[in-house]
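Asker: Residue numbers (our numbering): 8 to 632.
1. Residue 183 to residue 377, Cα distance in whole Å?
2. What does the alpha-carbon distance come out to for the pair residue 577 and residue 252?
3. Do residue 385 and residue 487 have their C-beta atoms closer together than 8 Å?
4. Among 512, 18, 84, 144, which has the Cα closest to the Cα of residue 161?
5. Take the Cβ of residue 567 as the centre, count every other Cβ of all protein chains shown within 10 Å, and call the residue buried at 16 or more, exposed below.
6. Does the beta-carbon of residue 459 have 16 or more other beta-carbons within 10 angstroms, so that it is buried, or is it exposed?
7. Tell me, please, whether the stretch 132–145 touches the stretch 115–122 by the rule of three or more beta-carbon pairs shorter than 8 Å.
8. How about the stretch 413–421 and the stretch 388–403: do they share at least three Cβ pairs that are nearer than 8 Å?
9. DSSP on residue 431, reduced to helix/strand/coil?
10. Counting C-beta neighbours from all protein chains within 10 Å, is the total for residue 427 16 or more, i.e. buried, or is it exposed?
11. How many angstroms separate the CA atom of residue 543 from the CA atom of residue 432?
12. Looking at C-alpha atoms only, which residue of 454, 570, 485, 444 is the closest neighbour of residue 473?
13. If you run the structure through DSSP and keep just helix, strand and coil, what is residue 16?
14. Compare the Cα-Cα distances from residue 6 to each of 442, 402, 404, 476 and report the closest residue.
15. Could you check which residue in 109, 505, 562, 552 has the C-alpha nearest to that of residue 612?
16. So does residue 182 have its beta carbon nearer than 7 Å to some heavy atom of the ligand SAH?
17. Mind checking residue 90: buried by the 16 CB within 10 Å criterion, or exposed?
18. Between the stretch 586–596 and the stretch 486–504, are three or more C-beta pairs nearer than 8 Å?
19. Does residue 180 come out as helix, strand or coil in the three-state DSSP assignment?
20. Name the residue from 370, 167, 84 whose alpha carbon lies nearest to the alpha carbon of residue 179.
21. How many Å lie between residue 575 and residue 258 at the Cα?
22. Do you know how far the Cα of residue 535 is from the Cα of residue 554?
23. Assign residue 20 to one of two classes, buried (16 or more other C-beta atoms within 10 Å of its C-beta) or exposed (fewer than that).
24. Helix or strand or just coil, what does DSSP make of residue 537?
25. Within 10 angstroms of its Cβ, does residue 600 collect 16 or more other Cβ (buried), or is it exposed?
26. Considering only DSSP beta bridges, list what residue 485 is partnered with.
27. Can you tell me whether residue 69 is helix, strand or coil according to DSSP?
28. So residue 669 is in the alpha helix (DSSP H); what residue range does that whole segment cover?
29. How long is the line joining the alpha carbons of residue 177 and residue 148, rounded to whole angstroms?
30. Which partner residues does residue 173 have in the DSSP bridge list?
31. Within 10 angstroms of its Cβ, does residue 413 collect 16 or more other Cβ (buried), or is it exposed?
32. Helix, strand or coil: how does DSSP classify residue 394 here?
33. Got a sec? Which residues, its chain only, sit under 7 Å from residue 99 by beta carbon, not counting five neighbours each side?
34. Quick one: what does DSSP say residue 477 is sitting in, helix, strand or coil?
35. Note down the Cα distance separating residue 358 from residue 506, rounded to an integer number of angstroms.
36. In the DSSP assignment, what residue or residues form a beta bridge with residue 634?
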């Protein structure tokens, strides 16, 4: 194990949620880039930062180009703002050491008023805000969201601490956010920003409205966090969470004893965690012992809660749903086994991770209830999306994904009505607000019990964004989209979200501590939960399920990246009409296959639960080897 040369905000964010062991050993987990992003953003955001968009699926190269374009736009915006001052721009291509050195020199230079892309360093901790201004001793960040969230507030705290401790004065903080209402398709090279420096309204739990409302209010959180004496626990009111102070973080990363302790357990931990890949009940006891004895660090009182099991029938609001599931699956036979999470045996017990009221519990039960799909009316659906470096339509920021495909299969209880399959491709070259209206209408079905997806972060976020865009159209009186039409679509969109059930909840890790605790834990997955891995598991195990997909290598369009690249090319008029009609056939086959895969996952989940006791030998061979 080698200590990083520099620590940054990602290390601090991880420290706010998990043991220092994981800060020091991220590279030992053999994570690919996607996993690292998920670890640094999605899993942390799930509890502390409340981010809802872990389902983004754009190609890496395109996202990089997109973000580079946005960075250039905001740099131009800032240069225009400070056009009457001397501005120093530090190249992002410089080494970190050169950035730190150039920042120090620019701070000392009395002729320089504003530094764009500075890098500040204090005791091997580095931060890189958007700019630093000597004019009012301020620093700033930008966000490609229209809302401010807790993560950016904590990031401002972290950056402010490093800047102050490095000996640089700060008196103010600004955040640059997109102004969605000013986004116009016809103005491809214009991005408008809102400059915010007041804070957030306590009633909205950390959100700022970019239209300028409630910017001056009774809860100036940025001032409290950066310049005040309040702790992060006081700011967020989460006394039970372990949110580190900057000073505690600094002591931890520079404590040689901490490094020695983590070195001692490194190989032992990796052997237990990654090499054997047993089921939860076998792994949990050994890992729990190692965790309690050696990994507590400064977080003992909080860490002990991780494995505490709770289940309170009296306080469960959705008891009827739970009773239905218990009756269907007969827990004495089907749930009391090592293949189903041992934390759920006898009754559906779950880990003490319910800060979001009962939402997590209900999401889990909805997913489990879907497995009894032959007794329900269910709409299974999947999106494919794309994005461009300019607004595709009005009121839709350039970086935001839009839907180019929808496949939906509606299954009916007892097959009273024949299953219905619908595969839609929405032409990126002729996109309009009417396309969005059609997408929501195409999804919406009367009298369905659930709208089922796999990893709802993507679909749920896209629907919310579509409604936001349509609201802007309704408010713009120059359009022919009325408020009444919007309210009708909004009602449908909200009902879809309310009835959404996510099969991913059965396989996803339920805690951010990197201790894998999915409901159904397959060694084959190696701790991951991708639907593509589940498909590979079914194929490798030669299981014969009711629903089977076409192998993706037999399709012309084999993955989401290919579908996105095709949509982007069409949006730029690089694919003609005749060729597009032919390509659409292949796009439909791919997206349809993804929806069949969801139903196959439901079949697989039922097979695991219902066969794990009477076919122990077979299950052992398939799931553990």
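Just so it is clear, CB atoms sit at the ideal spot from N, CA and C, and this is done for glycine as well.
Answerer: Looking at the atomic coordinates:
1. Mapped onto the chain shown, residue 183 falls at position 176. Mapped onto the chain shown, residue 377 falls at position 370. Answer to the nearest angstrom: the Cα atoms are 42 Å apart.
2. Locating residue 577 in the chain shown gives position 570, counting from the first residue. Locating residue 252 in the chain shown gives position 245, counting from the first residue. So the two alpha carbons sit approximately 49 Å from each other.
3. Numbered from its first residue, the chain shown carries residue 385 at position 378. Numbered from its first residue, the chain shown carries residue 487 at position 480. Going by C-beta atoms, residue 385 is not nearer than 8 Å to residue 487.
4. Position 154 of the chain shown, counting from 1, holds the residue named residue 161. The alpha carbon of residue 161 has as its nearest neighbour, out of 512, 18, 84, 144, the alpha carbon of 18.
5. Residue mapping note: residue 567 aligns to position 560 of the chain shown, counting from 1. Here residue 567 is buried: its Cβ has 16 or more other Cβ atoms, across all protein chains shown, within 10 Å.
6. As a position in the chain shown, residue 459 is number 452, starting the count at 1. In summary, residue 459 is buried, with 16 or more beta-carbon neighbours lying within 10 Å of its beta-carbon over all protein chains present.
7. Between the stretch 132–145 and the stretch 115–122, the count of Cβ pairs shorter than 8 Å is three or higher; the stretches touch.
8. They touch, by the three-pair rule.
9. As a first step, residue 431 is located in the chain shown; it is residue number 424 there, counting from the start. In the displayed model, residue 431 falls within a strand according to three-state DSSP.
10. Your numbering for residue 427 matches position 420 in the chain shown. Label assigned to residue 427: exposed.
11. What you label residue 543 is simply residue 536 of the chain shown in a count that begins at 1. What you label residue 432 is simply residue 425 of the chain shown in a count that begins at 1. Computed Cα separation, rounded: 27 Å.
12. Position 466 of the chain shown, counting from 1, holds the residue named residue 473. It is 444.
13. Taking the chain shown and counting its residues from 1, one reaches residue 16 at position 9. Per DSSP, reduced to three states, the secondary structure at residue 16 is helical.
14. The shown model of the chain, from 8 to 632, leaves out residue 6, and the question about it has no answer.
15. The sequence position of residue 612 within the chain shown is 605, counting from 1. Taking only the C-alpha atoms, the option nearest residue 612 is 552.
16. As presented, the structure is devoid of all ligands, the ligand SAH included, so that no description of it is given.
17. Numbered from 1 along the chain shown, position 83 holds the residue referred to as residue 90. Its Cβ having fewer than 16 others within 10 Å, residue 90 is exposed.
18. In this structure the stretch 586–596 does not lie against the stretch 486–504, because fewer than three pairs of beta carbons, one per stretch, are closer than 8 Å.
19. By 1-based counting over the chain shown, the position of residue 180 is 173. Reduced to three states, the DSSP call for residue 180 is strand.
20. Translated into the one-based positions of the chain shown, residue 179 becomes position 172. The shortest Cα separation from residue 179 among 370, 167, 84 belongs to 167.
21. Residue 575 sits at position 568 when you count from the first residue of the chain shown. Residue 258 sits at position 251 when you count from the first residue of the chain shown. The straight-line gap from Cα to Cα measures roughly 48 Å.
22. For this step, residue 554 is matched to residue 547 along the chain shown. For this step, residue 535 is matched to residue 528 along the chain shown. Distance from the CA of residue 554 to the CA of residue 535, rounded to the nearest whole angstrom, comes to 23 Å.
23. The residue labelled residue 20 in the question sits at position 13 within the chain shown. Counting other Cβ atoms within 10 Å of its Cβ, residue 20 reaches 16 or more and is therefore classed as buried.
24. Looking up residue 537 in the chain shown gives position 530. Note: residue 537 maps to coil in three-state DSSP.
25. Mapped onto the chain shown, residue 600 falls at position 593. Its Cβ being crowded by 16 or more others within 10 Å, residue 600 is buried.
26. Here the question's residue 485 lines up with position 478 in the chain shown. In DSSP, residue 485 forms no bridge with anything.
27. For this step, residue 69 is matched to residue 62 along the chain shown. Any reading at residue 69 must be qualified, since the residue scores a pLDDT of 46, below 50, and its modelled position is unreliable; the value itself is stated next. Reduced to three states, the DSSP call for residue 69 is helix.
28. Residue 669 is absent from the model: the chain starts at 8 and stops at 632.
29. The count along the chain shown starts at 1 and reaches residue 177 at position 170. The count along the chain shown starts at 1 and reaches residue 148 at position 141. In a straight line, the C-alpha of residue 177 is about 14 Å away from that of residue 148.
30. Against the chain shown, residue 173 aligns to sequence position 166. Residue 173 pairs with nothing; no bridge assigned.
31. Walking along the chain shown from the start, residue 413 turns up at place 406. So residue 413 ends up on the buried side.
32. Here residue 394 refers to the residue found at position 387 when the chain shown is read from its first residue. It is coil, neither helix nor strand.
33. Start at 1 with the first residue of the chain shown, and residue 99 comes out as number 92. Counting only residues of its own chain and dropping the five nearest sequence neighbours on each side, residue 99 has a CB closer than 7 Å to the CB of 124.
34. As a working note, residue 477 is residue 470 in the chain shown. In the structure shown, residue 477 sits in a helix (DSSP, three-state: H, G or I).
35. In the chain shown, counting from the first residue as 1, residue 358 sits at position 351. In the chain shown, counting from the first residue as 1, residue 506 sits at position 499. Caution is warranted here: a pLDDT of 33 is assigned to residue 358, below 50, making its placement in the model unreliable, and no coordinate value can be reported.
36. This structure gives no information on residue 634, because the portion of the chain shown stretches from 8 to 632.
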